[in-house]
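Numbering-wise, our numbering comes out as the position in the sequence shown, counting from 1, plus 1048.
All residues carry an ideal CB built from backbone N, CA and C; glycine is no exception.
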Amino acid sequence: MSDVLTLAALTKGYNHGKPSEVTVLQGADLTVQQGEVVALVAPSGAGKSTLLHIAGLLDVPDAGTVTINGTDMTKLSDRKRTAVRRADVGFIYQFHHLLPEFSALENIVLPQLANGVDASKAQAHALDLLDRVGVKPRADHRPAALSGGEQQRVAFCRALANQPSLLLADEPTGNLDPGTSDRVFDALMELVRGTGLSAVIATHNLDLAARMDRTVRLVDGRLT
Ligand code: ADP
């Protein structure tokens, strides 16, 4: 099995404009193999979002390395890092962040067009993804006409639209009521398992964490 993501000795602090710096990560290490789904569990404020943003190349660490599919990202130019992020990394947030003026389908087609995929292929792929999460009948609806659970399902499809090798999710069902959260999480896991994707999914919910392959905890800036 090859490693899709390796985080090594990551450190990150914020100084909040004061000399006394807040250190969020202090030597965090993690390796995620191909097809592995890892739960990232920690209390609020522990640094889960910081870690996911660094792993997803949206932020840079103060020290340490981020290796994606064998390439050390910390050695690449900003332009090359952005290209890897677009091609290889899918992100899901607690809030869907879908474009309000476009339909569910268009929200999944647009990132593919931006990636050079032919329009009819992009549409067929988007419909297939929507079908897998049970939202195909609502493909032509705008986000505002969808329920919270449906909006998140569409956001999952958008994150997977360009077939990334790594999915990073920050409390992907955290905004939903418990019953909906459970079903929407099942849809996410089915989608992930069906594509052989590697994923790191941050959650407070230990029942959801137990459904993943492995749980890592972020304690005092380190992963255990
Ligand atoms: P979590 O996702 O586990 O709730 P975060 O990674 O969002 O944790 O935040 C960890 C700590 O880092 C918090 O104390 C937060 O205030 C601080 N922090 C996060 N992002 C920034 C930022 N951009 N600037 C300053 N401080 C930040």
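Own chain, CB closer than 8 Å to residue i, minus 5 neighbours either side, in chain order
| i | result |
| --- | --- |
| D1107 | K1060, T1098, H1101 |
| T1130 | L1105 |
| R1190 | P1148, E1149, F1150, S1151, A1152 |
Residue i burial status per 10 Å Cβ neighbour count (16 or more: buried)
| i | result |
| --- | --- |
| A1258 | exposed |
| D1179 | exposed |
| K1096 | buried |
| N1155 | buried |
| R1206 | buried |
| P1220 | buried |
| L1194 | buried |
| N1163 | exposed |
| H1144 | buried |
| L1254 | exposed |
Residue i (DSSP reduced to helix, strand or coil)
| i | result |
| --- | --- |
| A1209 | coil |
| T1251 | coil |
| F1204 | helix |
| G1095 | coil |
| R1190 | coil |
| R1259 | coil |
| V1052 | strand |
| L1146 | coil |
| L1239 | helix |
| V1165 | coil |
Neighbourhood of residue i by C-beta distance below 7 Å, restricted to the same chain and skipping five residues each side
| i | result |
| --- | --- |
| E1198 | V1183, R1186 |
| V1137 | G1104, L1105, P1212, L1214, L1216 |
| D1110 | T1059, K1060, G1061 |
Cβ neighbours of residue i in the same chain (closer than 6 Å, five flanking residues each side left out)
| i | result |
| --- | --- |
| T1113 | A1056, D1120, T1122 |
| L1256 | F1233 |
| Q1171 | V1157 |
| V1089 | A1257, T1263, R1265 |
| A1235 | V1181, R1201 |
Strand pairing of residue i, partner residues [DSSP]
| i | result |
| --- | --- |
| I1140 | A1217 |
| R1270 | V1267 |
| S1246 | L1214 |
| L1058 | A1076 |
Quick one: which unbroken alpha helix (DSSP H) runs of 4-plus residues sit fully inside the region 1060-1137? Chain order, please.
-> 1096-1103, 1126-1136
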